[in-house]
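J.: In the numbering used here, the protein residues as written are 16 to 598.
Below are the structure tokens for one structure; questions will follow.
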Ligand SMILES: [Zn+2]
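As structure tokens, this is what we get:
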């Protein structure tokens, strides 16, 4: 070997070293589904700091960036997608449902005791156990037509069922519609009600209070007065439980319906270095001017008032109508099972105390004022009339103000008239939909609005065919009528299969509205980044974008759709940092 040659190779190596800076994290041997048209599949990726600095079809190209401090993860053929972005959560309630009682599916003694045992393990002695919503699923199992029969047959708990477990924790639980409460003996004792029965307290044949207390009674007032508010530390613990759930689900960002108190807790968690999910805040529709007055606009951190990729204001959230679960969604025709009921308006669209009379001028003004303060609006509209009124309002905004409606959303867009599908594209308005609602609501949808209207319910395929952009959200943790899961496997399953989690009905509910896994993943990643005006920064796996990644144990693009629910997330990376690792 000539000296010249050695010298030449030496120069080349040196040159190479300058060209390939060491990276922090390299993923190799994966099946990476990038959500990018130019390179849909890749095998390896390089991450430096919080950024994806290379995406490759061959491992060896990525391995060039290995330095002494680089962590290399062998994915062993696992499936990788951009981290999931959940377009609709109620973060604070979700944490409460994990760290406080969740009795929605409970309608028997064993179930109640099991949940109380879980609670006393989570909480310190002396802390109140509250909430619960027992009997929600029992109630809906009866259907609306048999509501009277249900009233007679429904399960009723008593304090002796839980006293043995909850001797150190006072309890005040409530049923699904808040018409009944259950206090344990400790709570009754603290309220001075253990032996004396006030009005509204159920008693047994010996005249002893059973712990069941009815809504609006003096006994309930007395108990409510002594329930201590949750401490900041307990609320933070609930938040931590919710963040853990998100990490384990591969979710890297949520669009949260934000309450001011929760925003403060986000700031605290971020300060502690505990925030493992990006938060896009959606404050109430009425708050645009107030926020502008505080010097914050979309994309700004609530405390520093500087642009942030972690915690920032997004859109304003408003409401047109009620929900399907309570016959409150607004329709042009009445409910099939309640012939006098067309649903109702909500606060932002009505000044009428019964919410039966609408005022869309009020809604228009709220949106207009919010826009002038810099914020787009995301508005809840569920029934055919709710959705149509919302589209009318957006159309008016576009025409009268001459603005683009990019980023404006119809939240839920649950039941749509045939003639309204094309308006989403025409107006460039996003349909923010909640696929898992299909799996839950199909139990009673046809009973309530009939077969014909159900053709336009959760009609994702029709929306896509008409050129609408879909944004997926879980609506975690649900309503008083239903629990909605946050793990992506549920949303993907529902959108692709349109069955319950038990696989019924076979072939799917209105199967012509099934969409492909690719479209479902799009609505769950890149579309939600675009919906937050950050499509150039996140939402796909591309050189230069932020490193937000989910690794799944099954290849969602290749598995049999009936196996989607078997998928688990095994690794989550947010901002270049591994926040969950079960590889
Ligand atoms: Zn919601």
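Quick reminder that beta carbons are idealized off the backbone N, C-alpha and C, glycines included.
Note that the structure is predicted; figures quoted are calculated from it, not measured.
#1: Below 6 Å CB to CB, which residues in the same chain sit around residue 583 once its five sequence neighbours on both sides are set aside?
#2: Please name the residue, chosen from 106, 107 and 147, that lies closest to residue 126 on a Cα-to-Cα basis.
#3: Taking residue 50 as the reference, give the member of 65, 83, 86 and 99 with the closest Cα.
#4: Could you spell out where the alpha helix (DSSP H) holding residue 508 opens and where it closes?
#5: Measuring only the C-alpha atoms, how far is residue 412 from residue 423?
#6: Entirely within the stretch 349-380 and at least 4 residues each: give me those alpha helix (DSSP H) ranges in chain order.
#7: What do you get for residue 362, buried or exposed, if any count of 16 or more other CB atoms within 10 angstroms of its CB means buried?
#8: Using alpha carbons as the reference points, say which of 79, 508, 432 and 60 lies closest to residue 71.
#9: Compare the C-alpha of residue 593 against each of 278, 87 and 205 and name the closest.
#10: What are the residues that DSSP puts in a beta bridge with residue 41?
#11: Within the chosen definition, does the stretch 304-322 reach the stretch 333-349 through at least 3 CB pairs nearer than 8 Å?
#12: Return yes when at least one heavy atom of ligand 1 lies under 8 Å from the C-beta of residue 173, else no.
#13: Within 10 angstroms of its Cβ, does residue 387 collect 16 or more other Cβ (buried), or is it exposed?
#14: Any idea if residue 587 is buried or exposed, counting beta-carbon neighbours within 10 angstroms, 16 or more meaning buried?
#15: Using DSSP with H/G/I as helix, E/B as strand and the rest coil, what is residue 563?
#16: How would you label residue 371, buried or exposed, when you count the other beta carbons within 10 angstroms and need 16 or more for buried?
#17: Mind pulling the alpha helix (DSSP H) runs of 4 or more residues that sit fully within the stretch 528-581?
#18: How long is the line joining the alpha carbons of residue 97 and residue 564, rounded to whole angstroms?
#19: Quick one: what's got a C-beta closer than 8 Å to residue 377's C-beta in the same chain, skipping five residues either side?
#20: Kindly indicate which three-state DSSP category residue 486 falls into: helix, strand or coil?
#21: Can you give me the Cβ contacts of residue 527 inside the same chain, cut-off strictly under 7 Å, excluding the 5 residues immediately before and after it?
#22: Mind the definition here: the stretch 295-313 touches the stretch 327-340 only if three or more C-beta pairs lie below 8 Å; say whether that holds.
#23: Excluding the 5 residues preceding and the 5 following residue 512 in the sequence, name in chain order all residues of the same chain whose CB lies nearer than 6 Å to its CB.
#24: Compute the beta-carbon to beta-carbon distance between residue 183 and residue 115, rounded to the nearest angstrom, for a pair I have assumed lies under 8 Å.
#25: Residue range of the alpha helix (DSSP H) that residue 146 falls in?
#26: Does at least one heavy atom of ligand 1 sit under 8 Å from the Cβ of residue 294?
#27: Can you determine whether any heavy atom of ligand 1 sits closer than 8 Å to the C-beta of residue 272, and answer yes or no?
T.: Straight from the coordinates:
#1: In the chain shown, residue 583 corresponds to position 568, counting from 1. The residues are 568.
#2: To locate residue 126, count along the chain shown from 1; it is residue 111. Of the candidates 106, 107 and 147, the one whose C-alpha sits nearest the C-alpha of residue 126 is 147.
#3: The count along the chain shown starts at 1 and reaches residue 50 at position 35. Residue nearest to residue 50 within the set 65, 83, 86 and 99 is 99 (criterion: CA-CA distance).
#4: Here residue 508 corresponds to residue number 493 of the chain shown, with the count starting at 1. Taken as a continuous stretch (DSSP letters only), the alpha helix (DSSP H) holding residue 508 covers 503-512.
#5: Residue numbering aside, residue 412 sits at position 397 when the chain shown is read from its first letter. Residue numbering aside, residue 423 sits at position 408 when the chain shown is read from its first letter. So the alpha carbons of these two residues sit roughly 11 Å apart.
#6: Scanning the stretch 349-380 for uninterrupted alpha helix (DSSP H) segments of 4 residues or longer gives nothing; none is fully contained.
#7: Working through the chain shown from its first residue, we reach residue 362 at position 347. It is exposed - the Cβ of residue 362 has fewer than 16 other Cβ atoms within 10 Å.
#8: As a working mapping, residue 71 is identified with position 56 in the chain shown. With distances taken between Cα atoms, residue 71 lies closest to 60.
#9: On the chain shown, residue 593 is found 578 positions in, with the first residue counted as 1. In this structure, 87 is the residue among 278, 87 and 205 with its C-alpha nearest to the C-alpha of residue 593.
#10: Within the chain shown, residue 41 is the residue found at index 26, counting from 1. Under DSSP, residue 41 shares a beta bridge with 61 and 87.
#11: Verdict: no, contact absent.
#12: One-based indexing of the chain shown puts residue 173 at position 158. Residue 173 Cβ: outside cutoff for every heavy atom of ligand 1.
#13: Position 372 of the chain shown, counted from the first residue, corresponds to residue 387. Burial call: exposed.
#14: Mapped onto the chain shown, residue 587 falls at position 572. Residue 587 comes out buried.
#15: Along the chain shown, read from residue 1 onward, the residue named residue 563 stands at position 548. DSSP places residue 563 in coil when its eight states are reduced to three.
#16: Reading the chain shown from its first residue, position 356 is the one you call residue 371. For residue 371, the number of other beta carbons within 10 angstroms of its own is below 16, and it is reported as exposed.
#17: Within the stretch 528-581, the complete alpha helix (DSSP H) runs of at least 4 residues are 532-539 and 541-546.
#18: Here residue 97 refers to the residue found at position 82 of the chain shown. Here residue 564 refers to the residue found at position 549 of the chain shown. When only Cα atoms are considered, residue 97 and residue 564 end up about 5 Å apart.
#19: In the chain shown, the residue the question calls residue 377 occupies position 362. By the criterion of a C-beta distance shorter than 8 Å, residue 377 is surrounded in its chain by 363, 364, 365 and 366, once the five residues flanking it on both sides are discounted.
#20: On the chain shown, residue 486 is found 471 positions in, with the first residue counted as 1. In the three-state reduction of the DSSP assignment, residue 486 falls in the strand class, which pools E and B.
#21: Taking the first residue of the chain shown as 1, we reach residue 527 at position 512. If the five residues before and after residue 527 are omitted, its C-beta is found closer than 7 Å to the C-beta atoms of 476, all from its own chain and listed in chain order.
#22: Flag = yes, the stretch 295-313 and the stretch 327-340 touch.
#23: Here residue 512 corresponds to residue number 497 of the chain shown, with the count starting at 1. Contacts found: 523 and 576.
#24: In the chain shown, counting from the first residue as 1, residue 183 sits at position 168. In the chain shown, counting from the first residue as 1, residue 115 sits at position 100. Residue 183 to residue 115, Cβ: 16 Å. No contact.
#25: Here the question's residue 146 lines up with position 131 in the chain shown. Note, residue 146: premise wrong, no alpha helix (DSSP H); beta strand (DSSP E) at 144-149.
#26: Within the chain shown, numbered from 1, the residue matching residue 294 stands at position 279. No, Cβ of residue 294 sits at least 8 Å from all heavy atoms of ligand 1.
#27: Here residue 272 is taken as the residue at index 257 of the chain shown, counted from 1. A distance criterion of 8 Å places the beta-carbon of residue 272 in contact range of ligand 1, judged by its closest non-hydrogen atom.
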